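J.: Under the numbering used here, the first residue of the sequence shown is numbered 3, with each subsequent residue one higher.
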Amino acid sequence: MVWRVSTTLAPAPQAASTAAAPPRRRTRVLALPEARWALVSLVAFLLALPLDLGGAPAWTHGALYVIAYAAGGWEPALEGLRALREKTLDVDLLMIVAALGAAAIGQVLDGALLIVIFATSGALEALATARTADSVRGLLDLAPTTATRVRDGGEETVVPTAELAVGDLVLVRPGERIGADGTVVEGTGEVDQATITGESLPVLKRTGDDVFAGTLNGTGALRVRVGRDPADSVIARIVTLVEEASRTKAPTQLFIEKIEQRYSVGVVVATLAVFGIPLAFGADLTDALLRAMTFMIVASPCAVVLATMPPLLSAIANAGRHGVLVKSAVAMERLGEIDTAALDKTGTLTEGTPEVTAVTPVAGAGVDEDALLALAATAEHPSEHPLARAIVAAARSRQLPLAPVEDFTAAPGRGVTAVIDGRTVHVGRADSPEGAETTVRVTRDGTLLGTLALTDRVRADAAPATAALTALTGTAPALLTGDHAAAAARVADATGITEVRAGLLPEDKVEAVRDRERAGRKVLFVGDGVNDAPALAAAHAGVAMGGAGSDLALETADAVVVRDELTAVPAVVRLSRRARRLVVQNLAVAGVFITVLVLWDLIGHLPLPLGVAGHEGSTVLVGLNGLRLLRESAWRAE
Numbered sequence: 003m004v005w006r007v008s009t010t011l012a013p014a015p016q017a018a019s020t021a022a023a024p025p026r027r028r029t030r031v032l033a034l035p036e037a038r039w040a041l042v043s044l045v046a047f048l049l050a051l052p053l054d055l056g057g058a059p060a061w062t063h064g065a066l067y068v069i070a071y072a073a074g075g076w077e078p079a080l081e082g083l084r085a086l087r088e089k090t091l092d093v094d095l096l097m098i099v100a101a102l103g104a105a106a107i108g109q110v111l112d113g114a115l116l117i118v119i120f121a122t123s124g125a126l127e128a129l130a131t132a133r134t135a136d137s138v139r140g141l142l143d144l145a146p147t148t149a150t151r152v153r154d155g156g157e158e159t160v161v162p163t164a165e166l167a168v169g170d171l172v173l174v175r176p177g178e179r180i181g182a183d184g185t186v187v188e189g190t191g192e193v194d195q196a197t198i199t200g201e202s203l204p205v206l207k208r209t210g211d212d213v214f215a216g217t218l219n220g221t222g223a224l225r226v227r228v229g230r231d232p233a234d235s236v237i238a239r240i241v242t243l244v245e246e247a248s249r250t251k252a253p254t255q256l257f258i259e260k261i262e263q264r265y266s267v268g269v270v271v272a273t274l275a276v277f278g279i280p281l282a283f284g285a286d287l288t289d290a291l292l293r294a295m296t297f298m299i300v301a302s303p304c305a306v307v308l309a310t311m312p313p314l315l316s317a318i319a320n321a322g323r324h325g326v327l328v329k330s331a332v333a334m335e336r337l338g339e340i341d342t343a344a345l346d347k348t349g350t351l352t353e354g355t356p357e358v359t360a361v362t363p364v365a366g367a368g369v370d371e372d373a374l375l376a377l378a379a380t381a382e383h384p385s386e387h388p389l390a391r392a393i394v395a396a397a398r399s400r401q402l403p404l405a406p407v408e409d410f411t412a413a414p415g416r417g418v419t420a421v422i423d424g425r426t427v428h429v430g431r432a433d434s435p436e437g438a439e440t441t442v443r444v445t446r447d448g449t450l451l452g453t454l455a456l457t458d459r460v461r462a463d464a465a466p467a468t469a470a471l472t473a474l475t476g477t478a479p480a481l482l483t484g485d486h487a488a489a490a491a492r493v494a495d496a497t498g499i500t501e502v503r504a505g506l507l508p509e510d511k512v513e514a515v516r517d518r519e520r521a522g523r524k525v526l527f528v529g530d531g532v533n534d535a536p537a538l539a540a541a542h543a544g545v546a547m548g549g550a551g552s553d554l555a556l557e558t559a560d561a562v563v564v565r566d567e568l569t570a571v572p573a574v575v576r577l578s579r580r581a582r583r584l585v586v587q588n589l590a591v592a593g594v595f596i597t598v599l600v601l602w603d604l605i606g607h608l609p610l611p612l613g614v615a616g617h618e619g620s621t622v623l624v625g626l627n628g629l630r631l632l633r634e635s636a637w638r639a640e
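1) How would you label residue 594, buried or exposed, when you count the other beta carbons within 10 angstroms and need 16 or more for buried?
2) By Cβ distance, which residues of its chain are closer than 6 Å to residue 314, with the 5 residues on each side in sequence left out?
3) Based on Cα-Cα distance, which residue from 531, 513, 533 lies nearest to residue 525?
4) Under a Cβ-count criterion, where at least 16 other Cβ atoms within 10 Å of its own Cβ denotes burial, should residue 605 be classed as buried or exposed?
5) Within 10 angstroms of its Cβ, does residue 427 collect 16 or more other Cβ (buried), or is it exposed?
6) Kindly indicate the opening and closing residues of the beta strand (DSSP E) around residue 186.
7) Taking DSSP as the reference, what is the three-state secondary structure of residue 288?
8) Which residues in the same chain have their Cβ closer than 6 Å to the Cβ of residue 445, if we skip the five residues on either side of it in sequence?
9) On the premise that residue 40 lies in contact with residue 122, defined as a C-beta separation below 8 Å, what is that separation, rounded to the nearest angstrom?
10) Can you tell me whether residue 283 is buried or exposed? The criterion is at least 16 other CB atoms within 10 Å of its CB, across all chains shown.
11) Could you tell me if residue 423 is buried or exposed, where buried requires 16 or more neighbouring beta carbons within 10 angstroms of its beta carbon?
12) Distance check for residue 478 and residue 469, CA to CA, integer angstroms please.
13) Assign residue 222 to one of two classes, buried (16 or more other C-beta atoms within 10 Å of its C-beta) or exposed (fewer than that).
14) Run through DSSP, which three-state label would residue 280 get?
15) With a threshold of 8 Å, are at least 3 pairs of Cβ atoms found where one atom belongs to the region 497 to 510 and the other to the region 364 to 371?
16) Using the C-alpha atoms, what's the distance from residue 620 back to residue 609?
17) I'd like the span of the alpha helix (DSSP H) that includes residue 601, first residue to last.
18) Assuming residue 187 and residue 219 form a contact by the criterion Cβ under 8 Å, report the distance between their Cβ atoms to the nearest whole angstrom.
19) To the nearest angstrom, how far is the alpha carbon of residue 36 from that of residue 125?
20) Residues in its own chain within less than 8 Å of residue 389 by CB, not counting five upstream and five downstream?
21) Check the C-beta distance from residue 152 over to residue 184 and give it rounded, since I have them as a contact under 8 Å.
22) On the CB-based measure, 16 or more other CB atoms within 10 Å of its CB, does residue 80 come out buried or exposed?
23) Alpha carbon to alpha carbon, how far is residue 296 from residue 588? Give it in angstroms, no decimals.
24) Name the DSSP bridge partner or partners of residue 150?
25) Looking at the unbroken beta strand (DSSP E) that takes in residue 511, where does it start and where does it end?
26) Going by DSSP, what residues sit across from residue 419 in a beta bridge?
27) Do residue 132 and residue 596 have their CB atoms nearer than 8 Å?
28) Just the C-alpha distance for residue 612 and residue 108, rounded to the nearest angstrom, thanks.
29) Leaving out five residues on either side along the sequence, give the residues of the same chain with a beta carbon under 6 Å from the beta carbon of residue 317.
30) Which of the three DSSP states is assigned to residue 348 in this structure?
31) Can you tell me which of the three DSSP states residue 267 falls into?
32) Identify every residue that forms a DSSP beta bridge with residue 194.
33) Near residue 165, what residues of its chain come up, given a Cβ to Cβ distance below 6 Å and the 5 sequence neighbours on each side ignored?
34) Between which two residues does the beta strand (DSSP E) containing residue 75 stretch?
35) Is the distance from the Cβ of residue 327 to the Cβ of residue 590 below 8 Å?
36) Compare the Cα-Cα distances from residue 543 to each of 352, 636, 557, 337 and report the closest residue.
Take a look at the structure:
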């Protein structure tokens, strides 16, 4: 038995750029400068504290307190002065002034505690932000890290893809991922472009055809002329888009920032009043200054400012770990607001993997359905093509025996040929596909025996996902598709969807979404193709299926499901709603703490240590409360 697989170039023993999953990236805590400075400040404070409380000479703990003040306070002080130069009053500067004021009246320990807790709060927020960035970089690291560059003399060199330049010639062997966007100049192969274009089956690539970085070459070796700098590839643009979008602020955070300036000025004015009015009526200078410093500390809006972003950033990071890239805090908030859903069909509810749906023998050909399917599966068995795998799987599901194969050959785009029981069998696609099905012709010695029809397989998690969305929104999702009614009805029946609109053009999908928006609904639209992009933009929140999503859909959507797990869509909606609840909780906690502490200081006598502990304790409390969403259980919680 001899197998002859048609390729232009022989594969090398070891691929230069494989499809292996990228290593998981996770920022170490101490890699963050905010965390390092906060740690120095904390260690210095903890060393000074027992010396101070134990009555040791001032010089033993004084230097340590200076280190705690400097390490934890230099950065917020610098940022506050920069803001002041721009004629704005930053809340960080209020904290530094309060700490220095406490030290000036002999409350060095209390001021150091304020600095340490404030620095720790900043480090927690920096950690949440860094972990979000880790998720973005790690999950979108789809392109290979190396490529085989071919020099003019034919010399092959494995180089990092970042070093490729426009005009370079790259060799892509079977089973490797393409390292850069470019054009095929030699060779023929079938390339899986699902990650870029959303096509469900590999695409035949010949000389002159364009290919994309990150796509997987199947059969046949290709020589590709790099046409675009790797930093400008489709995948690189997605990474840039997501990283830039993740830095935007949620609407509640923007509101807080709008009032922060006025609030900070109000705190300064009120502090001067708390200091000046009692002093004018004969109060002791030290007592008046201490009360004013305490008031400034407890009235400062640190906890309010930190109430919003940590929960949303933590939710984004948690979603990223589970294969959902939520592009901004705005998007995370909007996902939790949806009250109805609409889904595309192809590439969204279906997975782009074909399955045999019909076996049709030719009358008088002498074969029945089982014999036709077994013959096709026998010929296709040595092939790795998706259609071949689907045909073999169908035969195995019927427990059909496969005969020995001789002289197997495969030609990209033409199908396979094999000698079975001394007769030549050819299996290949029909020239004209019928509707949404792919038709495969089976011939023996040149005589047509019959055809096989294959269609996209409905995702295994499509029905659970639609049921979960129904439970979350109170209404069943709608199916909006450009496919014909029969194919849409088949998918709707399999997923439990009752509202189906088929044969829609892109503008029809947009109108369907806007009809629901005009009725007062907030629509979540889930899609993957270029024709879905307008609906993704029009919806209150849009989610793209990243495994097969088109470039335009990925750019337009608010979130991307990288691993193509449809059940991740209702999961991220639940996570968003938890984040919104935590924001409300944090704002309530911050408001209560500020109100109680301010009234205590104005009406009674609030000791500075208690003021520091209460105010900064509430700041840390809301920060830690938001970081709860980093836990694994937060993703699965109802």
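Just so it is clear, CB atoms sit at the ideal spot from N, CA and C, and this is done for glycine as well.
Note that the coordinates shown come from a computational prediction; the quantities given were computed from them, not determined experimentally.
T.: With the structure as the only source:
1) Here residue 594 refers to the residue found at position 592 of the sequence shown. So residue 594 ends up on the exposed side.
2) Along the sequence shown, read from residue 1 onward, the residue named residue 314 stands at position 312. Cβ within range, chain order: 252, 331, 334, 581.
3) Here residue 525 corresponds to residue number 523 of the sequence shown, with the count starting at 1. Considering only alpha carbons, the answer is 513.
4) As a first step, residue 605 must be located in the sequence shown, where it is residue number 603. Burial call: exposed.
5) On the sequence shown, position 425 is the one that residue 427 refers to. Per the 10 Å Cβ criterion, buried.
6) For the purposes of this step, residue 186 is taken as residue 184 along the sequence shown, with counting starting at 1. Where residue 186 is concerned, the enclosing beta strand (DSSP E) stretches over 184 to 188.
7) For the purposes of this step, residue 288 is taken as residue 286 along the sequence shown, with counting starting at 1. The answer is helix: DSSP assigns residue 288 an H, G or I state.
8) If you number the sequence shown from 1, residue 445 lands on position 443. For residue 445, where only same-chain residues beyond five positions count, the Cβ hits under 6 Å are 428.
9) By 1-based counting over the sequence shown, the position of residue 122 is 120. By 1-based counting over the sequence shown, the position of residue 40 is 38. Correct: roughly 5 Å between the Cβ atoms.
10) Sequence index remark: in the sequence shown, residue 283 carries index 281 (1-based). Residue 283 comes out exposed.
11) Sequence index remark: in the sequence shown, residue 423 carries index 421 (1-based). Classification for residue 423: exposed.
12) Here residue 469 refers to the residue found at position 467 of the sequence shown. Here residue 478 refers to the residue found at position 476 of the sequence shown. Rounded to the nearest angstrom, the two C-alpha atoms are 8 Å apart.
13) If you number the sequence shown from 1, residue 222 lands on position 220. Burial call: buried.
14) Against the sequence shown, residue 280 aligns to sequence position 278. Helix.
15) no
16) Position 607 of the sequence shown, counted from the start, is the residue given in the question as residue 609. Position 618 of the sequence shown, counted from the start, is the residue given in the question as residue 620. Between residue 609 and residue 620, the C-alpha separation is close to 17 Å.
17) The residue you call residue 601 lines up with position 599 of the sequence shown. Start and end: 570 to 605.
18) Here the question's residue 187 lines up with position 185 in the sequence shown. Here the question's residue 219 lines up with position 217 in the sequence shown. The pair is not a contact, with the Cβ atoms about 14 Å apart (cut-off 8 Å).
19) Your numbering for residue 36 matches position 34 in the sequence shown. Your numbering for residue 125 matches position 123 in the sequence shown. Looking at the two C-alpha atoms, the distance is approximately 5 Å.
20) Along the sequence shown, read from residue 1 onward, the residue named residue 389 stands at position 387. Only 203, 356, 382, 431, 440, 442, 456 meet the Cβ criterion.
21) By 1-based counting over the sequence shown, the position of residue 152 is 150. By 1-based counting over the sequence shown, the position of residue 184 is 182. No, residue 152 and residue 184 are not in contact; Cβ-Cβ is about 12 Å, not under 8 Å.
22) Numbered from its first residue, the sequence shown carries residue 80 at position 78. That one is exposed.
23) As a position in the sequence shown, residue 588 is number 586, starting the count at 1. As a position in the sequence shown, residue 296 is number 294, starting the count at 1. Roughly 22 Å separates the two Cα atoms.
24) If you number the sequence shown from 1, residue 150 lands on position 148. Note: residue 150 sits in a beta bridge opposite 160, 173.
25) In the sequence shown, residue 511 corresponds to position 509, counting from 1. Per DSSP, residue 511 belongs to no beta strand (DSSP E); it is in the alpha helix (DSSP H), 508 to 520.
26) In the sequence shown, counting from the first residue as 1, residue 419 sits at position 417. According to DSSP, which records beta bridges pairwise, residue 419 is partnered with 411, 428.
27) Numbered from its first residue, the sequence shown carries residue 132 at position 130. Numbered from its first residue, the sequence shown carries residue 596 at position 594. Against a cut-off of 8 Å, the Cβ pair of residue 596 and residue 132 comes out as no contact.
28) Here residue 612 is taken as the residue at index 610 of the sequence shown, counted from 1. Here residue 108 is taken as the residue at index 106 of the sequence shown, counted from 1. About 16 Å.
29) Translated into the one-based positions of the sequence shown, residue 317 becomes position 315. Contacts found: 334, 577, 581, 631.
30) Here residue 348 is taken as the residue at index 346 of the sequence shown, counted from 1. Of the three classes helix, strand and coil, the one that applies to residue 348 here is coil, per DSSP.
31) Taking the first residue of the sequence shown as position 1, residue 267 is located at position 265. Three-state DSSP puts residue 267 in a helix.
32) As a first step, residue 194 must be located in the sequence shown, where it is residue number 192. DSSP, once it has assigned bridges, lists 218 as partnering residue 194.
33) Position 163 of the sequence shown, counted from the start, is the residue given in the question as residue 165. If we look at residue 165 and ignore the five residues flanking it on each side, it has no Cβ neighbours.
34) Residue numbering aside, residue 75 sits at position 73 when the sequence shown is read from its first letter. Segment 60 to 87 is the alpha helix (DSSP H) holding residue 75; no beta strand (DSSP E) there.
35) As a working note, residue 327 is residue 325 in the sequence shown. As a working note, residue 590 is residue 588 in the sequence shown. Not in contact: residue 327 and residue 590 (Cβ atoms no closer than 8 Å).
36) On the sequence shown, position 541 is the one that residue 543 refers to. Out of 352, 636, 557, 337, 337 has the C-alpha closest to the C-alpha of residue 543.
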